[in-house]
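Q: Numbering (the working numbering), first residue to last: 1 to 421. Idealized CB from N, CA, C, for every residue including glycine. Quick one: this structure, given as structure tokens, is what I'll be asking you about.
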């Protein structure tokens, strides 16, 4: 579908760089940037990681609190061995999780404000890398924070609100089920919360990409992010899954300790940058299609800077070079005249190991017939446009060149004297 996002054009946030066309294609350029700027990508990842650490610390403290409450709670009640008899422990573990999550998860919103600092600088720097084929500076990272922070903290906060709500709904569902309530209502609410959170997460990804790339009012930001998301649904789903490969590795690590170690190493050195690189490359590709499809390549920019006289000189030089190459190669017999397509019926009969004079006469007759057919076909089709135009072009370019001998007299142009022989 055609995307009505014309108000994006001209509002790009590119204060400290000039956007270049992806001459090798968006993903070819991204791969080149990944290979040639790997150290820069790792540095960006470390900067983002620093701002994410408060959120990691909150989750670690939450885990420690749940563990400590587990030691103090009477899970072994009614055993009669050193513990007081406590009745009604159904749902006690779920209550501990819910109370801890109600306390700590809202703190993730504060951590999100801090993480948005690194995400803003990282997203802007990654966008700059893929749009300039490797330009990066620490000053540019902080410039990205300055110009993009509020456009980043908005989608980050929205997503965290839905994510925290989903976690709390999960805790509530586990609690009421443990206390004996029907499983249908809580599980349905939890499933619905997951679906909504995923959709909101994808939308917030587009909100972040548009906010890092363009200067817009909040109303336009929300509108354009929605239009771009529904305008490329299959691509969005595929690249959202590809973007989260580090997260998938971490989730696999919950069942395989070795994979969890790999995921930790990946997030320390590359994970956040990988997520930003894939997502920003995808969204920039969509912007290339619908917002800036007419961005000029480096050669087109150089051509646009030349005067009409210089352009005419270049045109003449290109035409002369084309003529010289054509003449140097000589006329192609496969192009300058029509050639009869040979079928099995027109083929010359083969001679076996033993043959007679009659067989030889038959071969000679077949050859003569084939030669006649070729000549007739050539005469019939010589005036066809494709051959006439080729021969006309060759003749005109041959006349356009002036080749002189040692005495300064003009002589006929051919491939030998053109090459200096």
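Between which two residues does the alpha helix (DSSP H) harbouring residue 121 extend?
A: Here the alpha helix (DSSP H) through residue 121 covers 107-132.
Q: Would you call the CB atoms of residue 211 and residue 151 closer than 8 Å?
A: It is a contact, given that the beta carbons lie within the stated cut-off.
Q: Starting from residue 229, trace the alpha helix (DSSP H) in both directions and tell me its first and last residue.
A: Segment 218-231, the alpha helix (DSSP H) holding residue 229.
Q: Does DSSP classify residue 312 as helix, strand or coil?
A: Correct three-state label for residue 312: helix.
Q: Counting only the same chain and skipping the five closest in sequence on each side, list residues whose C-beta sits under 7 Å from that of residue 236.
A: So the qualifying residues of the chain are 202 and 229.
Q: Which runs of the alpha helix (DSSP H), 4 residues or longer, sit entirely within the region 17-54?
A: Listed in chain order, the complete alpha helix (DSSP H) runs (minimum 4 residues) inside the region 17-54 are 26-36.
Q: Might you give, ordered along the chain, the residues of its own chain that have their beta carbon closer than 7 Å to the beta carbon of residue 170, omitting 5 neighbours on each side?
A: 190, listed in sequence order.
Q: Would you identify the three-state DSSP class for residue 9, choosing helix, strand or coil?
A: Looking at residue 9 - three-state DSSP - the assignment turns out to be coil, as it is neither helix nor strand.
Q: Identify every residue that forms a DSSP beta bridge with residue 214.
A: Answer by DSSP bridge pairing, in chain order: 12.
Q: Between the region 134-154 and the region 6-22, do at least 3 Cβ pairs fall closer than 8 Å?
A: As far as the Cβ criterion goes, the region 134-154 touches the region 6-22, which means the pair count is three or higher.
Q: Find out if the Cβ-Cβ distance for the pair residue 125, residue 44 is shorter than 8 Å.
A: A contact, by the Cβ cut-off of 8 Å.
Q: Quick check: the region 58-68 against the region 22-40, are there 3 or more CB pairs under 8 Å?
A: Result no; under three Cβ-Cβ pairs closer than 8 Å.
Q: Could you give the C-beta distance for residue 268 and residue 53, rounded to a whole number, given that I count them as a contact under 8 Å?
A: The Cβ separation is near 11 Å, so there is no contact.
Q: Please check the pair residue 40 and residue 136, which I expect to be a contact at CB under 8 Å, by giving their CB distance rounded to whole angstroms.
A: Yes, residue 40 and residue 136 are in contact; Cβ-Cβ is about 4 Å, under 8 Å.
Q: Tell me whether residue 307 sits in a helix, a strand or coil according to DSSP, three-state version.
A: Coil at residue 307, not helix or strand.
Q: Ordered along the chain, which non-local residues of its own chain (more than five positions away) have a Cβ less than 6 Å from that of residue 204?
A: Counting only Cβ-Cβ distances below 6 Å, and skipping sequence neighbours, we find 155, 158 and 159.
Q: With DSSP run on the structure shown, which of helix, strand or coil describes residue 235?
A: Of the three classes helix, strand and coil, the one that applies to residue 235 here is helix, per DSSP.
Q: Between which two residues does the alpha helix (DSSP H) harbouring residue 263 extend?
A: From DSSP, the alpha helix (DSSP H) with residue 263 extends over 257-266.
Q: So for residue 58, helix, strand or coil by DSSP?
A: Of the three classes helix, strand and coil, the one that applies to residue 58 here is helix, per DSSP.
Q: Please go through the same chain and pick out, in chain order, the residues whose beta-carbon is closer than 6 Å to the beta-carbon of residue 196, but skip the five residues on each side of it.
A: Cβ within range, chain order: n/a, list empty.
Q: Ordered along the chain, which non-local residues of its own chain (more than five positions away) have a Cβ less than 7 Å from that of residue 423?
A: The structure shown does not extend to residue 423, since the chain spans only 1 to 421, so no value can be given for it.
Q: Assuming residue 254 contacts residue 279 (C-beta within less than 8 Å), just tell me the rounded distance between them.
A: Their Cβ separation, rounded to whole angstroms, is 24 Å, which puts residue 254 and residue 279 out of contact at 8 Å.
Q: Beta-carbon separation of residue 271 and residue 233 under 8 Å?
A: Going by C-beta atoms, residue 271 is not nearer than 8 Å to residue 233.
Q: So what does DSSP say about residue 169, is it helix, strand or coil?
A: Helix, per DSSP.
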